[in-house]
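**Q** To get our numbering, take the position in the sequence shown, counting from 1, and add 9.
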Amino acid sequence: MHLYKYLIFCFLGLSLINCGNTNTSEQTGLAIDTKVKSLLLGDTLDLSIINPKKLNITKVSYQIDGQPIEKNAVLNNTTLGVKTLTATVTYDDKTETLTKSITIYNNKIPSIYTYDIVNTYPHDITSYTQGLEFYNGELYESTGQYKESKLRKVNFETGEILKNINLNDNFFGEGLTILDDKLYQLTWKAKRGFIYDINSFEKLSTFNYGKSKEGWGICNDGNTLYKSDGTERIWLLNPENLTEKGHIEVYTEKGKIPSLNELEWINGKIFANIYQRNGVVIIDPKTGGVEGVIDFKPLLKHVKQHDRLDVLNGIAYHPERKTIFVTGKNWDKLFEVTIKKQ
10 MHLYKYLIFC FLGLSLINCG NTNTSEQTGL AIDTKVKSLL LGDTLDLSII
60 NPKKLNITKV SYQIDGQPIE KNAVLNNTTL GVKTLTATVT YDDKTETLTK
110 SITIYNNKIP SIYTYDIVNT YPHDITSYTQ GLEFYNGELY ESTGQYKESK
160 LRKVNFETGE ILKNINLNDN FFGEGLTILD DKLYQLTWKA KRGFIYDINS
210 FEKLSTFNYG KSKEGWGICN DGNTLYKSDG TERIWLLNPE NLTEKGHIEV
260 YTEKGKIPSL NELEWINGKI FANIYQRNGV VIIDPKTGGV EGVIDFKPLL
310 KHVKQHDRLD VLNGIAYHPE RKTIFVTGKN WDKLFEVTIK KQ
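1) The beta strand (DSSP E) spanning residue 225 covers which residue range?
2) Can you tell me whether DSSP reads residue 327 as helix, strand or coil?
3) May I have the straight-line CA-CA distance separating residue 155 from residue 184, to the nearest angstrom?
4) With 16 other CB atoms within 10 Å as the buried threshold, where does residue 345 fall?
5) Report the rounded CA-to-CA distance for residue 309 versus residue 321, giving the unit in angstroms.
6) What is the residue span of the beta strand (DSSP E) that residue 82 lies within?
7) If I'm right that residue 50 touches residue 233 with Cβ under 8 Å, what's the distance once you round it to whole angstroms?
8) Kindly indicate the opening and closing residues of the beta strand (DSSP E) around residue 110.
9) Counting along the chain, where does the beta strand (DSSP E) carrying residue 345 start and finish?
10) Let me know if residue 246 comes out buried or exposed under the rule of 16 or more other beta-carbons within 10 Å of its beta-carbon.
11) Is the beta carbon of residue 288 sitting closer than 8 Å to the one on residue 138?
12) Closer than 8 Å by C-beta to residue 64: which residues in its own chain qualify, once you throw out the five before and the five after it? Chain order, please.
13) Pair every Cβ in the segment 252-269 with every Cβ in the segment 202-210, then say whether three or more of these pairs are closer than 8 Å.
14) Does the segment 109-121 come into contact with the segment 296-305, if we say contact requires no fewer than three beta-carbon pairs (one atom in each stretch) closer than 8 Å?
15) Is it buried or exposed for residue 347, if we count other Cβ within 10 angstroms and need 16 for buried?
16) Express the C-alpha separation of residue 45 and residue 78 in angstroms, rounding to a whole number.
What follows is the structure in structure tokens.
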């Protein structure tokens, strides 16, 4: 079991964080006490106030990220990650607000998945793949690099380019997703995305990012768009106006998972590439908890070795075939795989 945890830790490049910092009042010494150093999903948040001067406290109310909670709240209906815990304390007809940063981790160890190669298809070796998705049986791909970024419709069996448009030289293409005959494509640092008609590739409109840092990967569940920005955060976007409704933070029981890249929605879960790790994490979109990891690094030995060869990136689920298609940046092959829990 210890080796199992160690392998997951190394593969994911986990970043450990403690329970957080607390702000202690300089005048009164009041502070929030959570009793424990780390918190897991499902734990009881046993809260109290450190009161070294024994002030006459008459009322205390607590909030997490602005939402009221009880002092013995069970952390079930919450997302993971860094939270701001607030206590409003009333004493001697005075009111003081205290804050404390806490981190909530997942309460389960991720499962390890293996894969079997079902088929291998040709892939354009010049494509710096950023986004990959099937829609109505057709494969669509977004590629990156300045002066090389493209949006394409591809015959996945032959590699033939069926439709192609080039982005302007000042845009670095990133992930894509398709919803209701609209194709959404991200760019990297320009904080701008594009919306196209899926049939004509006509650009319908553009949208700007909100609080999200950059544009990396994007997928959808049929109602909401999910957007990664190169951190541990996945942002929830309203497809009607592209505003960010909030975010989830992706965590295991040990730490956060940064560098989330290409995203794919598969059977109620988010599959996400971890940049530079040649692997994929399986995420619960309700909490941000990592439920599984897939190490695709061995696929690298099956592709042509050349100077521009880069990491795994590109996940597309084919719902009729019930298989997953993966490729990488400047890979000459597209792999159709099935996965199974080890």
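Positions of the beta carbon are idealized from the N, C-alpha and C atoms, including for glycine.
**A** Here's the rundown:
1) Premise fails: residue 225 is in no beta strand (DSSP E) and is neither H nor E.
2) strand
3) 15 Å
4) buried
5) 8 Å
6) 81-83
7) Actually they do not touch by this definition, with Cβ atoms about 21 Å apart.
8) 103-114
9) 342-350
10) buried
11) no
12) 37, 39, 100 and 101
13) no
14) yes
15) exposed
16) 18 Å
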